[in-house]
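Chains as they are written, first to last, in this note's numbering: chain L, 1 to 113; chain Y, 114 to 224.
Shown next as structure tokens:
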């Protein structure tokens, strides 16, 4: 079946701009996660949703970052006033239920110039 | 100090040889443990879970030492296709959704 998909696969933006990154989880998966991976590092947790609600947003670095999942399926990660330090690969994962195996999408490579 | 620490490598391994490497974790509330594999510019994929008694999956063996708070992965009869970065992952009891990743250990299998 189809895996987790993320769009766009690459995004180049200028410092100060707003970006939206989209994640389509595996069909039927109720839990959805966002991570950020910088070069040479492991993925770093940002936020996860169980259904429509954010169950844990403790990894969001500051209030420029926000994520939604209004219908319990697709999620959008929104970054306001982007900074060069936001450049990274943003990974989305989903799982059938909370605490179950997480399956990752291919990621969105964000470059802030 | 990072919650999950790994030797970054690279571990250069001749084809057919055995390679082993460890990962240490600092939080004793860590409850579940995994090894993920990540190929260059690809997403992480679950390689195997790590159980308290140790477990094997084909050529891969994982061990957990809770007293010393480390996890190990051993790869026997290395194949060229085993070249990848291996990410050590822990999950704590107080946050079932959050995976804590190490920075990864790079393995390069050479002909």
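Beta carbons are placed, not taken as given, at the ideal position from N, Cα and C, and that holds for glycine.
Closer than 8 angstroms to chain Y by CB, residue i
| i | result |
| --- | --- |
| residue 101 of chain L | yes |
| residue 167 of chain L | Shown here, chain L extends from 1 to 113; a query on residue 167 of chain L therefore has no answer. |
| residue 104 of chain L | yes |
| residue 90 of chain L | no |
| residue 56 of chain L | yes |
| residue 33 of chain L | yes |
| residue 61 of chain L | no |
| residue 65 of chain L | no |
| residue 28 of chain L | no |
| residue 85 of chain L | no |
Rounded distance between the beta-carbons of residue j and residue i, thought under 8 angstroms
| i | j | result |
| --- | --- | --- |
| residue 191 of chain Y | residue 129 of chain Y | 6 angstroms |
| residue 121 of chain Y | residue 216 of chain Y | 6 angstroms |
| residue 43 of chain L | residue 36 of chain L | 7 angstroms |
| residue 2 of chain L | residue 98 of chain L | 22 angstroms between Cβ atoms; not a contact. |
| residue 41 of chain L | residue 21 of chain L | With a Cβ gap of about 18 angstroms, residue 41 of chain L and residue 21 of chain L do not count as contacting. |
Contacts of residue i in chain L (Cβ-Cβ under 8 angstroms)
| i | result |
| --- | --- |
| residue 186 of chain Y | Ordered by position in chain L, no residue passes the 8 angstroms Cβ test against residue 186 of chain Y, which lies about 15 angstroms from the chain. |
Residue i: CB within 7 angstroms of a non-hydrogen atom of the ligand ZN
| i | result |
| --- | --- |
| residue 33 of chain L | Although the ligand ZN was asked about, the structure shown includes no ligands whatsoever. |
Per DSSP, the bridge partner or partners of residue i
| i | result |
| --- | --- |
| residue 148 of chain Y | Y/161 and Y/201 |
| residue 103 of chain L | L/94 |
| residue 31 of chain L | L/50 and L/95 |
| residue 191 of chain Y | Residue 191 of chain Y pairs with nothing; no bridge assigned. |
| residue 23 of chain L | L/6 and L/75 |
| residue 179 of chain Y | Paired residues: none, contrary to the question. |
| residue 111 of chain L | L/12 |
| residue 131 of chain Y | Its beta-bridge partners do not exist; DSSP assigns none. |
| residue 143 of chain Y | Y/205 |
| residue 138 of chain Y | Y/117 |
| residue 170 of chain Y | Y/173 |
| residue 56 of chain L | L/48 |
| residue 213 of chain Y | Y/203 |
| residue 41 of chain L | Residue 41 of chain L pairs with nothing; no bridge assigned. |
| residue 185 of chain Y | Y/135 and Y/176 |
Cβ of residue i within 8 angstroms of any chain L Cβ
| i | result |
| --- | --- |
| residue 208 of chain Y | yes |
| residue 225 of chain Y | Because chain Y is modelled from 114 through 224, residue 225 of chain Y falls outside the range shown and cannot be assessed. |
| residue 273 of chain Y | Any question about residue 273 of chain Y goes unanswered here, given that chain Y covers just 114 to 224. |
| residue 177 of chain Y | no |
| residue 215 of chain Y | yes |
| residue 200 of chain Y | yes |
Chain L contact residues for residue i, given Cβ-Cβ distances below 7 angstroms
| i | result |
| --- | --- |
| residue 159 of chain Y | 101 |
Chain Y contact residues for residue i, given Cβ-Cβ distances below 8 angstroms
| i | result |
| --- | --- |
| residue 48 of chain L | 210 and 211 |
| residue 51 of chain L | Those do not exist, as residue 51 of chain L stays about 12 angstroms from chain Y at its closest Cβ, beyond 8 angstroms. |
| residue 107 of chain L | 156 |
Amino acids of chain Y, ordered along the chain, whose beta-carbon sits closer than 7 angstroms to that of residue i
| i | result |
| --- | --- |
| residue 43 of chain L | 157 and 214 |
Cross-chain neighbours of residue i in chain Y, by beta carbon under 9 angstroms
| i | result |
| --- | --- |
| residue 40 of chain L | 121, 216 and 217 |
Ranges of the beta strand (DSSP E) found wholly within the region 62-95 of chain L, counting only runs of at least 3: When DSSP assignments are scanned along the region 62-95 of chain L, the uninterrupted stretches of beta strand (DSSP E) that are 3 or more residues long and fall wholly within it turn out to be 65-68, 75-79 and 88-95.
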